[in-house]
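Peer 1: Below are the structure tokens for one structure; questions will follow.
2 protein chains.
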Amino acid sequence: MRTKEDILPDCPVAVTVSLIGSKWKLLIMRNLLGRPWRFNELQKSIEGISQKALTDALRSMEADGIVRRTAYPEVPPRVEYSLTELGESMRPIIKAMESWGNDFKAQAVREET
Amino acid sequence: MRTKEDILPDCPVAVTVSLIGSKWKLLIMRNLLGRPWRFNELQKSIEGISQKALTDALRSMEADGIVRRTAYPEVPPRVEYSLTELGESMRPIIKAMESWGNDFKAQAVREET
Chain R
0 MRTKEDILPD CPVAVTVSLI GSKWKLLIMR NLLGRPWRFN ELQKSIEGIS
50 QKALTDALRS MEADGIVRRT AYPEVPPRVE YSLTELGESM RPIIKAMESW
100 GNDFKAQAVR EET
Chain Z
0 MRTKEDILPD CPVAVTVSLI GSKWKLLIMR NLLGRPWRFN ELQKSIEGIS
50 QKALTDALRS MEADGIVRRT AYPEVPPRVE YSLTELGESM RPIIKAMESW
100 GNDFKAQAVR EET
């Protein structure tokens, strides 16, 4: 029997990359770390993402247990995407990216003044 | 005149994602954080990467100033890829991914025993 342990890469970085190693997943995660989002909101917020790419990324993240899809029985129906506890535990990764990006932008400003 | 500052995304996470937001770039960076690597070594080490995907990723990282390509005038010529200071400064991002991957693997083992 193949267990979860068997199918995970040996390298811990590769494990993480297999779950969120794409531009779209990283940007979705950045948004969901703040609050739950609706599909259309996400699509408007993430520049250049197609409906298909967003659908694919969200389904993959849901299958991996990072993202939770909640449908509220309203009229019209409301669907929200939020992070699971597992997804939430990835916050330090996005924080490290945020910190690096801030330093890089500050450096770019200094170089031009 | 468009400056570097103008073309960077507002969001610092998006800045970082624009530089290393892909599966291959993240895995290349993981390798180069240890030592310089040759092209063929990298290709063997990163499971599933095609020659074209590796070439494209390395060129893009070189153009972004993250990776340095050094050709040694030997016979046969030797070419090595290493991180620049800018690339090296991304270490905390990969470390955060490594740490998360280790926790995830440990959890997977616990769930199966």
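From first to last, the protein sequence lines are chains R and Z. Going by numbering that gives the first Met the number 0, the residue at position 84 of the first sequence is 83; the numbering climbs one at a time, nothing skipped. Going by numbering that gives the first Met the number 0, the residue at position 83 of the second sequence is 82; the numbering climbs one at a time, nothing skipped. Glycine included, each C-beta is placed from N, C-alpha and C at the ideal position. Computed from a predicted model, the values in this text were never measured in an experiment.
Taking the alpha carbon of Z/V16 as the point to measure from, which residue in Z/D63, Z/L32, Z/L41, Z/I48 has its own alpha carbon closest?
Peer 2: The residue labelled residue 16 of chain Z in the question sits at position 17 within the second sequence. When only C-alpha atoms are compared, the closest one is Z/D63.
Peer 1: Which residue wins for smallest C-alpha separation from R/E55, given the options R/G100, R/C10, R/E97, R/F38?
Peer 2: Within the first sequence, the letter at position 56 stands for residue 55 of chain R. Strictly speaking, residue 55 of chain R in this sequence is Asp, with Glu absent from that position. Ranking R/G100, R/C10, R/E97, R/F38 by Cα distance to R/D55 puts R/F38 first.
Peer 1: Within the continuous alpha helix (DSSP H) that includes R/R90, where are the two ends?
Peer 2: Translated into positions along the first sequence, residue 90 of chain R becomes position 91. 90–111 is the span of the alpha helix (DSSP H), which, as asked, contains R/R90.
Peer 1: Please name the residues in the region 29–54 of chain Z whose beta-carbon is closer than 7 Å to at least one beta-carbon of chain R, in chain order.
Peer 2: Within the region 29–54 of chain Z, the residues whose Cβ lies closer than 7 Å to some Cβ of chain R are R29, listed in chain order.
Peer 1: Check whether the region 7–23 of chain R touches the region 85–104 of chain Z, taking contact to mean three or more Cβ pairs, one atom from each stretch, closer than 8 Å.
Peer 2: Judged by Cβ distances under 8 Å, the region 7–23 of chain R makes contact with the region 85–104 of chain Z, as three or more pairs qualify.
Peer 1: Taking C-beta pairs closer than 7 Å, name the residues in chain Z that R/E97 reaches, listed in chain order.
Peer 2: For the purposes of this step, residue 97 of chain R is taken as residue 98 along the first sequence, with counting starting at 1. Within 7 Å Cβ-Cβ: P11, V12.
Peer 1: Does the distance from the C-beta atom of Z/E20 to that of R/L25 stay below 8 Å?
Peer 2: Within the second sequence, numbered from 1, the residue matching residue 20 of chain Z stands at position 21. Within the first sequence, numbered from 1, the residue matching residue 25 of chain R stands at position 26. The residue asked about is misnamed: residue 20 of chain Z is Gly in this sequence, not Glu. In contact: Z/G20 and R/L25 (Cβ atoms closer than 8 Å).
Peer 1: Buried or exposed: which applies to R/I6, given that a residue is buried once 16 or more other Cβ atoms fall within 10 Å of its Cβ?
Peer 2: Position 7 of the first sequence holds residue 6 of chain R. R/I6 should be labelled exposed.
Peer 1: On the CB-based measure, 16 or more other CB atoms within 10 Å of its CB, does Z/A95 come out buried or exposed?
Peer 2: Walking along the second sequence from the start, residue 95 of chain Z turns up at place 96. The residue in question, Z/A95, is buried, as its Cβ has 16 or more Cβ neighbours within 10 Å.
Peer 1: Mind checking which residues open and close the alpha helix (DSSP H) that includes R/S59?
Peer 2: As a first step, residue 59 of chain R must be located in the first sequence, where it is residue number 60. Unbroken alpha helix (DSSP H) run through R/S59: 50–62.
Peer 1: Can you name the residues that DSSP bridges to Z/R36?
Peer 2: Against the second sequence, residue 36 of chain Z aligns to sequence position 37. For the record, residue 36 of chain Z in the displayed sequence is Trp; it is not Arg. Z/Y80.
Peer 1: Please confirm whether R/L57 has its beta-carbon closer than 8 Å to some beta-carbon of chain Z.
Peer 2: Taking the first sequence and counting its residues from 1, one reaches residue 57 of chain R at position 58. Cβ-Cβ to chain Z under 8 Å: no for R/L57.
Peer 1: Residues of chain Z with CB under 9 Å from R/L26, in chain order?
Peer 2: Position 27 of the first sequence, counted from the start, is the residue given in the question as residue 26 of chain R. The answer, in chain order, is C10, V12, A13, V16, G20.
Peer 1: So the candidates are Z/Q106, Z/I45, Z/K51, Z/M89; which of them puts its Cα closest to the Cα of R/S88?
Peer 2: Residue mapping note: residue 88 of chain R aligns to position 89 of the first sequence, counting from 1. Among Z/Q106, Z/I45, Z/K51, Z/M89, the Cα nearest to that of R/S88 is on Z/Q106.
Peer 1: Just the C-alpha distance for Z/E40 and Z/I48, rounded to the nearest angstrom, thanks.
Peer 2: Taking the first residue of the second sequence as 1, we reach residue 40 of chain Z at position 41. Taking the first residue of the second sequence as 1, we reach residue 48 of chain Z at position 49. The alpha-carbon atoms of Z/E40 and Z/I48 are separated by roughly 12 Å.
Peer 1: For Z/K22, count neighbouring Cβ atoms within 10 angstroms of its own Cβ and tell me buried if that reaches 16, exposed if not.
Peer 2: Sequence index remark: in the second sequence, residue 22 of chain Z carries index 23 (1-based). Answer is buried; the Cβ neighbour count reaches 16.
Peer 1: Pull up the CB-CB distance for Z/R80 and Z/L57, whole angstroms please, since I reckon it's below 8 Å.
Peer 2: Taking the second sequence and counting its residues from 1, one reaches residue 80 of chain Z at position 81. Taking the second sequence and counting its residues from 1, one reaches residue 57 of chain Z at position 58. Here residue 80 of chain Z turns out to be Tyr, not Arg, going by the sequence shown. Indeed, because the Cβ distance is near 6 Å, the residues count as touching under 8 Å.
Peer 1: Just the Cα atoms here: how many angstroms apart are R/R29 and Z/P75?
Peer 2: As a working mapping, residue 29 of chain R is identified with position 30 in the first sequence. As a working mapping, residue 75 of chain Z is identified with position 76 in the second sequence. So the alpha carbons of these two residues sit roughly 46 Å apart.
Peer 1: Does Z/S81 come within less than 8 Å of chain R when only Cβ atoms are used?
Peer 2: Position 82 of the second sequence, counted from the start, is the residue given in the question as residue 81 of chain Z. No, Z/S81 does not count as interfacial toward chain R.
Peer 1: Which residue marks the beginning of the beta strand (DSSP E) containing Z/V74, and which one marks its end?
Peer 2: In the second sequence, the residue the question calls residue 74 of chain Z occupies position 75. Here Z/V74 belongs to no beta strand (DSSP E), and DSSP marks it neither H nor E.
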